[in-house]
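Written out below as structure tokens is the structure these notes cover.
Residue numbers (the numbering used here): -5 to 328.
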């Protein structure tokens, strides 16, 4: 319930129900990851990326159909930028090398346009085609080709996993130094909760997991930690000020006091991310999904996971007053 003096919601009174719900989501996520795994993009599995540009707008379904008839049934075709720019990602194939893949893709697209490449400008890379007995600029122009080998993909997956682990260990050390070890463990539990559930949703719905999604997860860790630190800072402050209240009452009061800031920050961030999801195009579709999930789950965990975890670890006023003792002698000195 909210009054003119602020919110008075018994968050910790529902902590068992919330943590049970979170535990169920974590179990589902881990089970899906163990049985179905992630749908890795070519950033991790290896493959060929081809960016092409058309003179006129083109329908994605037609491009996908043309490539499918040429044997690229598993190609991922997306717009990037405008309806004239198309990104084509072809997974690694044992029987075709990377250079041959891009050549075959372009040959297929040119044949669909009824044109044959006759020349390529060495400076601008613009291609000239012969069509209907006339020479003209090709309707389909190749803009960029990238090939990711399977070894590079494995290294990226390994380094990405290590990056998340290093981030979690760094956060554990920082929060333990800044607050108290129980707060550090609680914050890491909340962050692991956020990451596991977000990745689990990608596994359950088989959404493509790429480097941009990995970058979104690292951003989610930072966002969720920031929200958690704000709550922890208020909890520590109230533990020192409110001597007669129990730890549960102090934590509830602290969460309610920071709730307006949490709601405002989350809503403004979500407005940007939803706009990015709607108007950003297919190329950053999964990136924005990961961030939206991370913000929602991170906001939830800073209230229902981080603080209850600290409470279960047995936090007390004495644990925090010891930190304040450092300046006690100086304050007592005349």
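Glycine residues also receive a C-beta, built at the ideal position from the N, C-alpha and C atoms.
If you count every other CB in all the chains shown that lies within 10 Å of the CB of residue i, and 16 or more means buried, which is it?
| i | result |
| --- | --- |
| residue 6 | buried |
| residue 135 | buried |
| residue 130 | exposed |
| residue 167 | exposed |
| residue 174 | buried |
| residue 2 | exposed |
| residue 220 | exposed |
| residue 84 | buried |
| residue 53 | exposed |
| residue 268 | exposed |
| residue 30 | exposed |
| residue 94 | exposed |
| residue 266 | exposed |
| residue 192 | buried |
| residue 211 | buried |
| residue 163 | exposed |
| residue 133 | buried |
| residue 217 | buried |
| residue 248 | buried |
| residue 330 | Residue 330 lies beyond the range of the chain shown here (-5 to 328); nothing can be said about it. |
| residue 119 | exposed |
| residue 128 | exposed |
| residue 228 | buried |
| residue 117 | exposed |
| residue 76 | exposed |
Strictly by DSSP, which residues pair up with residue i?
| i | result |
| --- | --- |
| residue 41 | 85 and 142 |
| residue 125 | 128 |
| residue 135 | 47 |
| residue 202 | 33 |
| residue 79 | 47 |
| residue 74 | 76 |
| residue 336 | Nothing can be reported for residue 336: it is not among the residues displayed for the chain, which extend from -5 to 328. |
Report back the beta-carbon spacing between residue i and residue j to the nearest angstrom; my notes put them in contact at under 8 angstroms.
| i | j | result |
| --- | --- | --- |
| residue 270 | residue 282 | 4 angstroms |
| residue 285 | residue 214 | 7 angstroms |
| residue 86 | residue 41 | 5 angstroms |
| residue 205 | residue 140 | Between residue 140 and residue 205 the Cβ distance is about 12 angstroms, and since that is not below 8 angstroms, they are no contact. |
| residue 241 | residue 165 | About 23 angstroms; that fails the 8 angstroms criterion. |
| residue 99 | residue 66 | 7 angstroms |
| residue 142 | residue 36 | 6 angstroms |
Confirm, please, whether the CB-CB distance from residue j to residue i is below 8 angstroms.
| i | j | result |
| --- | --- | --- |
| residue 61 | residue 46 | no |
| residue 176 | residue 224 | no |
| residue 82 | residue 69 | yes |
| residue 280 | residue 231 | no |
| residue 245 | residue 305 | yes |
| residue 51 | residue 78 | yes |
| residue 74 | residue 277 | yes |
| residue 208 | residue 154 | yes |
| residue 110 | residue 124 | yes |
| residue 189 | residue 158 | yes |
Could you tell me if the beta carbon of residue i falls within a distance shorter than 7 angstroms of some heavy atom in the ligand GDP?
| i | result |
| --- | --- |
| residue 97 | Of the ligands one can find in the structure shown there are none, so the ligand GDP has no counterpart to examine. |
- Between the segment 236 to 255 and the segment 176 to 195, do at least 3 Cβ pairs fall closer than 8 angstroms? no
- Inter-stretch contact at 8 angstroms, needing at least 3 Cβ pairs: the segment 283 to 295 / the segment 181 to 196: Flag = yes, the segment 283 to 295 and the segment 181 to 196 touch.
- Is it true that the segment 193 to 203 meets the segment 8 to 27, where meeting means three or more beta-carbon pairs spaced less than 8 angstroms apart? yes
- Task: Count the CB pairs spanning the segment 5 to 21 and the segment 295 to 304 that are closer than 8 angstroms, and state whether there are at least three.
- Result: yes
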